[in-house]
Amino acid sequence: MKENSFKLKIGLAEMLKGGVIMDVVNAEQAVIAEDAGAVAVMALERVPSDIRKEGGVARMANIEIIEAIMETVSIPVMAKARIGHFAEAQILQQLGVDFIDESEVLTPADEKFHIDKHPFQIPFVCGATDLGEALRRINEGAAMIRSKGEAGTGNIIEAVRHMRSIYSDIKALEELEKDQLLKRAQEMRIPLALLEEIKLLKKLPVPLFSAGGIATPADAALMMQLGAESVFVGSGIYKSEDPAARARAIVKATTGFMNPEILLEVSKEARGAAMPGIDISTLSKSERLQDRGW
Amino acid sequence: MVNNIKAGVLALQGDFSSHISAIQLTAKSLNVEVEVSEIRTSTEIEKLDLLVFPGGESSAMLKLLKADLKESIISFKQRGGLIFGTCAGAILLADKVSNPKQFSFQFIDVEIERNSYGRQKSSFITKDLVITELGKKYLSSKSLVLEGIFIRAPKITSVGKEVMVLVTHLDTPVLVMQNNVLISTFHPELSPISKSEPSPIYQMLFQVLRETQ
């Protein structure tokens, strides 16, 4: 039964591959996302760049808004819960959202524990900066991993760092003997069996998507070429000058990520300015969302 | 068995990589030579024997389906190429789509309702799939127990006279065929498939290819 339930969770993640999941804060934005060809929408209270600007505690979105979004679009609806806030997750499951993002973009609720995701019927996605973090989340029951990147900055460098680091960590396992593998598993705080599985598979056992800083069709294509299986776009769409055109262009770039001809064409279609970006080095330690999560 | 099958999986979006490995593993197990590729543009369809529409989000796939790709899919059907669609793929191939209404290729005379079982909470895995008398012609092995993985699945709400119902779940058709088009509302590509355990559905597709060539 438990095995079946995990199969269903990963199954939905599989269906979202090669697509774009867009952050939305209301039903109108969800319609724009669906019309642009999004494979799912992510309901949240404020997009990350606004959370950065306005500060305060960022929580699970208002239920009324999530409900309105669920009633409006036919694609899967995801919603964010705070790290460790299993009660928010229980409420989201009861509401019937299709996926929960236990997200560092919201203010963490627990500084030691992430949500135990196994008992839930619906799947979870979690952010990671390297292989150890990805595997801790998978060990807790995550059915999808995304790079954390640095949300709300419109700056792709952190997502690139995280994606490269996950893949190079996996590659590095090839060289390790059994005793070294055990030490590595201990460092990563995960069971040896899980690390052995990764060594054999040469990839994560769940889909790996990218998030945190994607603002242009070229950013989406970059992440796909680096091994992401889909992309999440947050502030990048609704903080740009022409959200609908940009959303459509990013969708097309994610499918045509290997084809420069398509990438040029859709880059032209993404009319108007991209969201304003932030240089990561100007962020103070407390402003770095990627450091949230343990 | 026919050798050198050229298969293509529509790779606009969805679980196309699962289909590709299901095809490869089944082919290996049956000693059939299959060349399988990801299909994103119209020219890639010309030489295929089998075209697969994977699971995913049908509304997203529709946005990515350009006019020239559509046309080459239609001419592939007209020249008798074999077509298989699962879940979202089934929706794209149906005659009529509801919840909501949307474009479809109308390659198979069924009406289909999107997300008919509800949201992800209502997704399920079942072994209670019934192979009909017609279905036994293709899915013959006596010990065969099919697994049905239904994820935010559509439901076939009516089938035309020409449509063969091969597998049902609680009296609802879940695997049906009409001439060269086969659709399932579940995901055989996500069930465990290995060299020793080939996919019964892909085994069947290879059989159909042999019969038609």
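Residue numbers (my numbering), protein chains in the order written: chain A, 196 to 489; chain B, 693 to 905. Backbone N, C-alpha and C fix where the C-beta goes; we use that ideal spot for every residue, glycine too.
(request) Starting from T904(B), follow the alpha helix (DSSP H) in both directions and report where the run begins and ends. (result) In this chain, the alpha helix (DSSP H) harbouring T904(B) covers P892 to T904.
(request) Taking only beta-carbon positions, decide if V714(B) is within less than 9 angstroms of chain A. (result) The amino acid at residue 714(B) is misidentified as Val; the sequence shows Ala. It does not: the Cβ of A714(B) has no partner Cβ on chain A nearer than 9 angstroms.
(request) Select from the region 730-752 of chain B all residues with a C-beta closer than 7 angstroms to any C-beta belonging to chain A, and list them in chain order. (result) Within the region 730-752 of chain B, the residues whose Cβ lies closer than 7 angstroms to some Cβ of chain A are R732, G747, G748, E749, S751 and A752, listed in chain order.
(request) Would you tell me roughly how many angstroms separate the C-alpha atoms of S200(A) and Q316(A), rounded to the nearest one? (result) About 7 angstroms.
(request) Determine, using beta carbons only, whether I800(B) and V873(B) come nearer to each other than 9 angstroms. (result) Yes, the pair counts as a contact, with Cβ atoms nearer than the cut-off.
(request) Could I get the ranges of all uninterrupted alpha helix (DSSP H) runs contained in the region 699-730 of chain B, with 4 residues as the minimum, in chain order? (result) 708-722
(request) Express the C-alpha separation of L459(A) and P271(A) in angstroms, rounding to a whole number. (result) Cα to Cα, the separation comes out at about 30 angstroms.
(request) List the residues of chain A that I875(B) touches, going by C-beta distances under 9 angstroms, in chain order. (result) Going along chain A, no residue has its Cβ under 9 angstroms from I875(B), so there is no contact; the nearest lies around 16 angstroms.
(message) Rounded to the nearest angstrom, what separates S710(B) and S244(A) at their Cα positions?
(response) 36 angstroms
(message) Distance check for V234(A) and A228(A), CA to CA, integer angstroms please.
(response) 9 angstroms
(message) Tell me the rounded alpha-carbon separation between D437(A) and G327(A).
(response) 38 angstroms
(request) With a floor of 3 residues, list each beta strand (DSSP E) that falls wholly inside the region 811-865 of chain B, ordered by position along the chain. (result) 816-818, 840-842, 847-851 and 856-861
(request) Give a yes or no on whether 9 angstroms exceeds the smallest Cβ distance from H879(B) to chain A. (result) yes
(request) Kindly indicate which three-state DSSP category F768(B) falls into: helix, strand or coil? (result) helix
(message) Taking its Cβ as the centre, do 16 or more other Cβ atoms sit within 10 Å of P880(B), making it buried, or is it exposed?
(response) buried
(message) Please give the ranges of any beta strand (DSSP E) in the region 255-323 of chain A, keeping only runs that are unbroken, at least 3 residues long and fully inside the region.
(response) 272-277, 294-298 and 319-323
(request) Taking K212(A) as the query, report the chain B residues whose CB atoms sit under 8 angstroms from its CB, ordered along the chain. (result) Q705, G706, D707, F708, S709 and G748
(request) Taking the CB atoms as reference points, tell me whether G773(B) and D741(B) lie closer together than 9 angstroms. (result) yes
(message) What does the alpha-carbon distance come out to for the pair Q289(A) and R811(B)?
(response) 12 angstroms
(message) Please identify the residue among T267(A), A263(A), M273(A) and I261(A) whose C-alpha is closest to the C-alpha of M237(A).
(response) M273(A)
(message) So, at 8 angstroms on beta carbons, what are the nonlocal neighbours of K480(A) in its own chain, with the 5 sequence-adjacent residues on each side left out?
(response) D486
(request) Please report the residue range of the beta strand (DSSP E) in which L949(B) lies. (result) Look at the range of chain B in this structure, 693 to 905, and you will see that residue 949(B) is not part of it.
(request) Give the range of the alpha helix (DSSP H) segment to which I361(A) is assigned. (result) I352 to L368
(request) Enumerate in chain order the residues of its own chain whose CB-to-CB distance from A468(A) is below 7 angstroms, with the five nearest sequence positions on each side excluded. (result) S435 and E436
(request) Assign M896(B) to buried or exposed, taking buried as 16 or more other Cβ atoms, counted over all protein chains shown, within 10 Å of its Cβ. (result) M896(B) sits buried, since 16 or more C-beta atoms from the chains shown fall within 10 Å of its C-beta.
(message) Per the DSSP calculation, M217(A) is bridged to which residue(s)?
(response) V236(A) and V428(A)
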